[in-house]
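Participant: I'd like to ask some things about the structure below.
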Amino acid sequence: MDEREIFIKIFKRFWFRKSGGRKMNLLKEPWIPVRNGAKFQQITYEDLLCLEQADLQVSLPRDDFEMACIQMLAAMTQVIFMPQDKKELRARIKTPLSEKEYHEGIKKYEEWFDLDHPEWPFMQIRDVKGKMTSIQKMMIGMPEESSTSPNAHCFFNEPTEIHAVCPGVTAIALFNQASNSPSFGGGFKGSLRGAAPVTTMIMGKNLRDTVWMNVLSEDKVKQLLPWFKKVNDMPVWVDPIEKGDIQPHTIGLLRGLFWQPAHIEMEKAEIEQSCDLIGGDSQKCYMGFKKERFVYDLKKPWTHLYTPRQFDREGNVKYISFNRENPIWTQMDQYLFEKINNQKEGYSSAAVVANHADDAISLLIGGYKASKASIEYRRHEMYSIPAGWNSDFRDKIIEIVEIGLAMEKILVDKILYPLVKSNKKKGEKKGEKVVGVAINTKAAVLYFHFTEPYIHNMLRDTSLREFIQAKSTFIKDLSKICFDIFERVTQPYIHKPELIGTVALARKKLEKLLKELERGHNVKGGAI
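For the sequence shown, my numbering assigns the number 1 to the initial residue and increments by one for each residue that follows.
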């Protein structure tokens with residue numbers, strides 16, 4: 001089928017639906033925001049899975065919503081069109097579904113994925129009694145439109161920047177709020193993965209490829225969730241969560257991937273208008289929602305497909321989240337590998353990442369840094385990881401992360417922090433000006449900023465294959481950055497007679513520790 005035929009087919013489907021009403025069934029209506037070259041449009045889930053469109057990519061103005069859209073599409077495909085084994089999965093990646101396969105597959109799920117269903121609207125509960133909240137609250141990181149906090153709107157041009165969004169964006173926002181973000185606060189529960197989990201996914205050459213690359217075959221799902229075919233797997237908006245204790249082995253695959261921890265009911269605007277996030281034709285948009293909390297207690301984490309986990313010796317499991325302002329690469333070993341010691345401590349990568357072990361991958365990593373129920377920042381990055389990363393290059397990738405973290409620790413914790421601490425005490429006694437208390441914090445920010453490109457370069461195939469030479473250059477480059485940062489943050493103090501000697505001794509110690517690290521890692525080596 002050529003591009004012209006594909007375009008005509010999509011146009012006919014769109015016109016038919018447009019003339020027949022404004023309902024939003026996510027399995028039938030056009031809602032997925034995509035870009036094909038320079039052209040933006042919203043396509044159907046059927047178009048995505050049944051048509052070969054080489055350049056199609058998800059397209060939204062926010063990177064977190066783009067990742068949530070990919071995650072939601074992968075979860076839908078995982079549940080509705082789960083392949084039996086890896087052979088069938090490879091075939092799905094290679095060849096689009098036929099229309100017959102698609103329509104047979106969705107029969108069971110049609111009423112469950114309808115945003116406007118009279119009884120079971122997608123990820124909502126009917127007759128919620130809570131007060132109306134502006135739709136902007138659903139745009140994670142943005143304040144509620146009615147917020148009176150003096151800091152509420154400091155990152156946005158206007159308090160009313162988002163006041164109505166189209167059904168497609170609404171569905172993505174609902175899923176993102178329930179799956180990836182902190183709770184609403186005030187006693188509301190968070191997602192099955194905790195307050196603000198990191199999500200890791202594989203990026204393919206186009207959107208259809210990406211979706212299927214984040215789907216597991218049935219045999220893999222059975223390894224993770226042995227009970228998944230034996231328990232209740234109706235979505236929580238059809239069979240609501242009961243109050244009390246909940247064990248993870250009572251949660252099925254669909255129920256877990258589309259878990260909704262709050263009672264929410266969306267509210268449509270009275271008049272048609274354009275979506276404030278993606279624009280487009282006028283339509284009935286959503287302007288707000290009502291919400292209610294309810295109480296339940298999940299006794300242990302449910303094994304999610306998209307997030308790496310950490311284990312301690314007491315048998316506790318938690319999902320990895322961004323807990324510092326350090327860049328993503330500082331936890332790269334946990335995003336890629338499994339490492340569990342004899343005491344059962346360690347970490348394990350997300351199942352969808354492990355499913356592509358040793359394949360050349362583009363690894364998408366994203367999430368929010370949460371403080372209580374508020375968002376400090378969001379972070380979404382992509383890393384190119386060469387083939388052989390789990391076998392040939394595993395130890396080398398781990399060593400790259402170790403070197404990067406060790407050099408930051410030398411500069412910030414072993415040199416600058418003691419310098420600040422000792423001179424603060426000395427200066428307070430004599431009433432003299434001391435080294436600025438923030439230079440160690442400033443140095444850490446500068447270090448991670450300037451070293452990021454070098455980390456990406458070291459993760460390339462050529463660097464990992466010529467590792468000894470590449471590592472030697474890498475250490476020298478990072479050492480130079482450390483010295484440059486040291487000079488930069490101590491420069492205001494080098495002309496103070498009482499501090500000249502202290503700064504000079506600190507510089508000498510920095511040189512000594514970096515040389516020791518270089519010798520240690522050159523001896524440690526690694527195969528060429």
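Every residue, glycine too, gets a C-beta built ideally from N, C-alpha and C.
(1) Taking the alpha carbon of Glu408 as the point to measure from, which residue in Tyr447, Asp392, Lys300, Ser371 has its own alpha carbon closest?
(2) Per DSSP, which one or two residues make a beta bridge with Glu272?
(3) Compute the Euclidean distance between the alpha carbons of Phe474 and Ser374, then round it to the nearest angstrom.
(4) Excluding the five sequence neighbours on either side, which residues of its own chain have a C-beta within less than 6 Å of the C-beta of Phe393, listed in chain order?
(5) Can you tell which of Ile410, Arg208, Leu305 has the C-alpha that lies nearest to the C-alpha of Gly252?
(6) Taking Tyr296 as the reference, which of Leu257, Tyr335, Gln273, Gly244 has the closest Cα?
(7) Specify, as a first and last residue, the run of the alpha helix (DSSP H) that Thr490 falls within.
(8) For the stretch 155 to 213, list the beta strand (DSSP E) runs that are entirely contained and at least 3 residues long, ordered along the chain.
(9) Quick one: using the 10 Å Cβ neighbour count with 16 as the cut-off for buried, is Tyr493 buried or exposed?
(10) Hey, Thr199 and Gly366: beta-carbon distance below 9 Å or not?
(11) Report the CB separation of Pro121 from Cys50 in whole angstroms; it is logged as a contact under 8 Å.
(12) If you follow the beta strand (DSSP E) that Leu363 is in, where does it begin and where does it stop?
(13) In the structure shown, what three-state DSSP assignment does Asn25 receive?
(14) For the alpha helix (DSSP H) holding Glu104, just list the boundary residues, first then last.
(15) Go through its chain and collect everything with a Cβ distance to Gly194's Cβ below 6 Å, but skip five positions before and after it.
(16) Where Leu277 and Met138 are concerned, what is the direct C-alpha to C-alpha distance, given to the nearest angstrom?
(17) How big is the Cα-Cα spacing for Lys23 and Thr210?
(18) Using the Cβ count rule (16 or more neighbours within 10 Å means buried), how would you classify Tyr377?
(19) Using only the alpha-carbon positions, how far apart do Lys28 and Pro248 sit?
(20) Determine contact between the stretch 511 to 518 and the stretch 404 to 420, defined as no fewer than three beta-carbon pairs at a distance below 8 Å.
(21) Roughly how many angstroms lie between the CA atoms of Glu61 and Gly279, to the nearest whole one?
(22) What are the boundary residues of the alpha helix (DSSP H) that includes Gly404?
(23) Answer with buried or exposed for Gln124, where buried requires no fewer than 16 other C-beta atoms within 10 angstroms of its C-beta.
(24) What's the C-alpha gap between Ala75 and Ser179?
(25) Can you tell me which of the three DSSP states Ile500 falls into?
(26) What do you reckon, are the CB atoms on Phe322 and Thr133 nearer than 9 Å?
(27) Between the C-alpha atoms of Ile241 and Phe188, what's the straight-line distance to the nearest angstrom?
(28) Given Thr44, which residues of its chain have a CB within under 6 Å of its CB, disregarding the five upstream and five downstream residues?
Facilitator: Reading off the structure:
(1) Tyr447
(2) Lys284
(3) 38 Å
(4) Leu464
(5) Leu305
(6) Gly244
(7) 467 to 490
(8) 199 to 203
(9) buried
(10) yes
(11) The pair is not a contact, with the Cβ atoms about 26 Å apart (cut-off 8 Å).
(12) 361 to 371
(13) strand
(14) 99 to 106
(15) Tyr319
(16) 12 Å
(17) 27 Å
(18) exposed
(19) 32 Å
(20) yes
(21) Per the sequence shown, the amino acid found at residue 61 is Pro instead of Glu. Near 11 Å, if we compare the C-alpha coordinates of Gly279 and Pro61.
(22) 394 to 409
(23) buried
(24) 11 Å
(25) helix
(26) no
(27) 14 Å
(28) Pro30
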